[in-house]
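Peer 1: Can you read through this structure? Questions will come right after.
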Amino acid sequence: MTTLTSCADAPTVAERATRHVLSVLDRARAERGVAHLALSGGTTPGLTYELLARHPEELAAAELWFADERCVGPDDEESNYRLARETGLAGGACPEERVHRMEGELGPALGAKRYAELLHERLGESEGFSSVPVLDLVILGIGPDGHVASLFPGSPALQAPEQEICLPITDSPKPPPERITLSLPVLRAARGCLLLATGASKADAVDAMLGEPTPHVPASLLRRERLTVILDDDAAPGSGRR
Ligand code: 6PG
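This is the structure we're talking about:
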């Protein structure tokens, strides 16, 4: 069953999200000695990353991954890695040697191939998985169209075979068009997804996410029983504040 928590405002969402992430990291560390956390980009999660960065000791066993990345360099203002770095999370509270950047500068195809190899290399021997790596937690935002990571409505990427764990995107409707994204099977195999949403522009997408699963709303295809949603009142389903 999806857990949904509504908060008064974005700072409260970030505080609640930080507590959730730290709790998941702590449990993963206790159970497996390591915690694999994947980050998304966009404007929503930055506050949460800033708060997480204040807990370097609780991130001691964390390996940072990315749910998606734009095909730009790491210093580009569009880079999701740059967001994680500038909030003090990547390369600060979590040292660079435990940060696994998607190499967007290689372009979609080669960047996706390299990242899939890295996931298999780093998660393969520890998880013993056949084809889909198991992350402990994926932090996601949601677009007004219901996209998550760089999986957009109706995209063929949503039908990718299970063994294709990291995908090139060349036609993102959200600029920039070229991206790298974890696949839906990887998001569904994760032990948990934490989806953050703030603002009235997300309310319809959240409504649709909780409705009938459909490729027209990628967020609706997440594993409901492993999904935690933390949002502000404006983004809450049926908030009526459109
Ligand atoms: C990206 C993100 C993307 C984002 C949503 C929501 O690289 O663009 O990973 O999936 O989470 O588009 O973006 P906002 O948080 O800016 O609304």
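Each residue of the sequence shown is one higher than the last, beginning at 285 in my numbering. Quick reminder that beta carbons are idealized off the backbone N, C-alpha and C, glycines included.
1. How many whole angstroms separate the CB atoms of C355 and E462, which I take to be in contact at a CB cut-off of 8 Å?
2. Roughly how many angstroms lie between the CA atoms of T287 and A519, to the nearest whole one?
3. Give the secondary structure of T328 by DSSP, where H, G and I count as helix, E and B as strand, and everything else as coil.
4. Would the segment 472-490 count as touching the segment 509-518 if we require 3 or more Cβ pairs under 8 Å?
5. Can you name the start and end residues of the beta strand (DSSP E) that R382 belongs to?
6. For P502, which three-state DSSP category applies?
7. Can you find the residues in the same chain that come closer than 7 Å, C-beta to C-beta, to G375, ignoring five residues on each side of it along the sequence?
8. Can you tell me whether G430 is buried or exposed? The criterion is at least 16 other CB atoms within 10 Å of its CB, across all chains shown.
9. For V432, which of helix, strand or coil comes out of DSSP?
10. Give me the DSSP bridge partner(s) of L480.
11. Rounding to the nearest angstrom, what Cα-Cα distance links K486 and P502 in this structure?
12. Does at least one heavy atom of ligand 1 sit under 7 Å from the Cβ of S324?
13. With H, G and I counted as helix, E and B as strand and the rest as coil, what does DSSP make of P358?
Peer 2: According to the structure data:
1. The Cβ separation is near 4 Å, so the contact holds.
2. C-alpha separation (whole angstroms): 15 Å.
3. coil
4. yes
5. First-last for R382: undefined, no H or E at that position.
6. helix
7. R369 and V383
8. buried
9. strand
10. I514
11. 14 Å
12. Yes, the Cβ of S324 comes within 7 Å of a heavy atom of ligand 1.
13. Here P358 sits in coil by DSSP.
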